[in-house]
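First to last, the protein sequences are chains A and B. Every number in the working numbering is 5 more than the matching position in the first sequence, counting from 1. Every number in the working numbering is 2 more than the matching position in the second sequence, counting from 1.
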Amino acid sequence: MKRGKHQEVLAEKLQRKAAPEARQLRKQAGDWLKQRRADAGLSQADLAARLGLKYYTFISQVENGFSRVPTETMAAWATELGLEPAAFAKHLLLYYEPELHRLLFGAKK
Amino acid sequence: MSVIAFERQQSAGLWSETELDTIVAALSAAIVSGNGRGWETAMTEKGDAQFYLLGPFPDQACELCVSRIGGRYILEDGSGRLLFEHQSLALVALHAKAAIRPAWSGLVARVALLWCTIRHMIHDRLEPLLTESEEMLVHLAPQLAAFA
Numbered sequence: 006m007k008r009g010k011h012q013e014v015l016a017e018k019l020q021r022k023a024a025p026e027a028r029q030l031r032k033q034a035g036d037w038l039k040q041r042r043a044d045a046g047l048s049q050a051d052l053a054a055r056l057g058l059k060y061y062t063f064i065s066q067v068e069n070g071f072s073r074v075p076t077e078t079m080a081a082w083a084t085e086l087g088l089e090p091a092a093f094a095k096h097l098l099l100y101y102e103p104e105l106h107r108l109l110f111g112a113k114k
Numbered sequence: 003m004s005v006i007a008f009e010r011q012q013s014a015g016l017w018s019e020t021e022l023d024t025i026v027a028a029l030s031a032a033i034v035s036g037n038g039r040g041w042e043t044a045m046t047e048k049g050d051a052q053f054y055l056l057g058p059f060p061d062q063a064c065e066l067c068v069s070r071i072g073g074r075y076i077l078e079d080g081s082g083r084l085l086f087e088h089q090s091l092a093l094v095a096l097h098a099k100a101a102i103r104p105a106w107s108g109l110v111a112r113v114a115l116l117w118c119t120i121r122h123m124i125h126d127r128l129e130p131l132l133t134e135s136e137e138m139l140v141h142l143a144p145q146l147a148a149f150a
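This is the structure:
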């Protein structure tokens, strides 16, 4: 019983420690996307329109690091940003699921 | 003649205190639930205000987003799905409140399930005892009647 409580506290501590990291990585992904969009010469509204979104607010949501690019629309984002979809998805995985990225592709250079 | 002063609706820039109060009040149930849940504000590249309701630890990802574009309020979920849009923030806040309700109804369902399980267990344990007493009474009743 005592051990269970201790484990719960430890798990909570680990979660709290991981939280800023997850947010920070999402923000880094957002910054990277913002740069790629700028390279493509698109505004947030332009990209939203090309992705068939009514408003551009979701682009801002992702770039501000509060949301991820949904897996089902990654290919469309890549195409509109002039990037190869597989490379685009692989790069985003580095931020969104770093451990999975490490397991699949090895340590980051 | 008296002139009623209507509050001017903001169309760009930061959230006003009234706007923030309206949104936070509507989402207070989710915000006070703890576990790292909270809210933050930011701006789009055009300077339009955005409000993010953040989920629990460890991700703290956006669950709901309210944006204001040209005096119109947009409600989206964390995947960019457009949930509602209107010029009235109060109405949008109501929809935001409804959007986070499934989590609470899930909790209510779990409590109801727990209650049913407890009742069922009590029923299962009490019923044999009652049946036993009833059988005993059936056996004893004629003897008691004979004594009487």
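C-beta: ideal position from N, C-alpha, C; glycine also.
Within 10 angstroms of its Cβ, does residue i collect 16 or more other Cβ (buried), or is it exposed?
i	result
residue 118 of chain B	exposed
residue 49 of chain A	buried
residue 7 of chain A	With a pLDDT of only 46 at residue 7 of chain A, under 50, the local geometry of the prediction cannot be trusted, and no value is derived from it.
residue 140 of chain B	exposed
residue 114 of chain A	Legend: pLDDT at residue 114 of chain A = 49, less than 50; position of this residue unreliable, value from coordinates given subsequently. That one is exposed.
residue 124 of chain B	exposed
residue 109 of chain A	exposed
residue 130 of chain B	exposed
residue 136 of chain B	exposed
residue 101 of chain B	buried
residue 35 of chain A	buried
So residue i contacts chain A; which residues on that side make the cut at Cβ distance below 7 Å?
i	result
residue 80 of chain B	72
residue 44 of chain B	69
Which residues in chain B sit within 9 Å of residue i, going by Cβ to Cβ distance?
i	result
residue 59 of chain A	76, 84, 87
residue 34 of chain A	Chain B residues near residue 34 of chain A: none, gap ~12 Å exceeds 9 Å.
Which residues of chain A have a Cβ atom closer than 9 Å to the Cβ of residue i, listed in chain order?
i	result
residue 47 of chain B	39, 48, 49, 50, 61, 64, 65, 68
residue 52 of chain B	62, 65, 66, 69, 71
Restricting to Cα atoms, I'd like to know which of the options is closest to residue i.
i	options	result
residue 86 of chain A	A:29, A:26, A:54, A:30	A:54
residue 60 of chain A	B:64, B:30, B:62, B:46	B:46
residue 29 of chain A	A:67, A:94, A:92, A:45	A:67
residue 64 of chain A	B:92, B:48, B:38	B:48
residue 50 of chain B	A:42, A:56, A:46, A:69	A:69
residue 60 of chain B	B:53, B:132, B:37	B:37
residue 72 of chain B	B:132, B:101, B:88	B:88
residue 58 of chain A	B:57, B:53, B:76, B:19	B:76
residue 64 of chain B	B:92, B:32, B:134, B:23	B:32
residue 99 of chain B	B:27, B:23, B:18	B:27
residue 96 of chain B	B:17, B:25, B:19, B:16	B:25
residue 51 of chain A	A:82, A:73, A:31	A:82
residue 37 of chain A	A:62, A:74, A:111	A:74
residue 79 of chain B	A:71, A:56, A:89	A:71
According to DSSP, simplified to helix, strand and coil, what is residue i?
i	result
residue 17 of chain B	coil
residue 7 of chain A	Because the pLDDT of residue 7 of chain A is 46, which lies under 50, any placement of that residue in the model is unreliable, and the number read from its coordinates should be weighed accordingly. In the structure shown, residue 7 of chain A sits in a helix (DSSP, three-state: H, G or I).
residue 87 of chain A	coil
residue 60 of chain A	coil
residue 33 of chain A	helix
residue 47 of chain A	coil
residue 43 of chain B	strand
residue 79 of chain B	strand
residue 145 of chain B	helix
residue 114 of chain A	Below a pLDDT of 50, predicted positions are generally treated as unreliable, and residue 114 of chain A, at 49, falls in that range; the measurement from the model is reported next regardless. Looking at residue 114 of chain A - three-state DSSP - the assignment turns out to be coil, as it is neither helix nor strand.
residue 67 of chain A	helix
residue 74 of chain A	coil
residue 98 of chain B	helix
Using a cut-off of 8 Å between C-beta atoms, extract the partners of residue i located in chain B.
i	result
residue 55 of chain A	Ordered by position in chain B, no residue passes the 8 Å Cβ test against residue 55 of chain A, which lies about 14 Å from the chain.
residue 45 of chain A	Simply none; closest approach about 14 Å.
Which chain B residues sit within Cβ distance under 7 Å of residue i?
i	result
residue 107 of chain A	Under the 7 Å cutoff, chain B gives no residues; its nearest Cβ is about 17 Å from residue 107 of chain A.
For the ligand FMN, is there any heavy atom lying closer than 7 Å to the beta carbon of residue i?
i	result
residue 82 of chain A	With respect to small molecules bound, the structure shown includes none, and the ligand FMN cannot be examined in it.
Near-chain A residues of the segment 62-87 of chain B (beta-carbon distance less than 7 Å), N- to C-terminal order: 62, 63, 64, 67, 69, 71, 76, 78, 80, 81, 82, 84
Residues from the segment 74-97 of chain A in contact with chain B, defined by Cβ distance under 7 Å: 75
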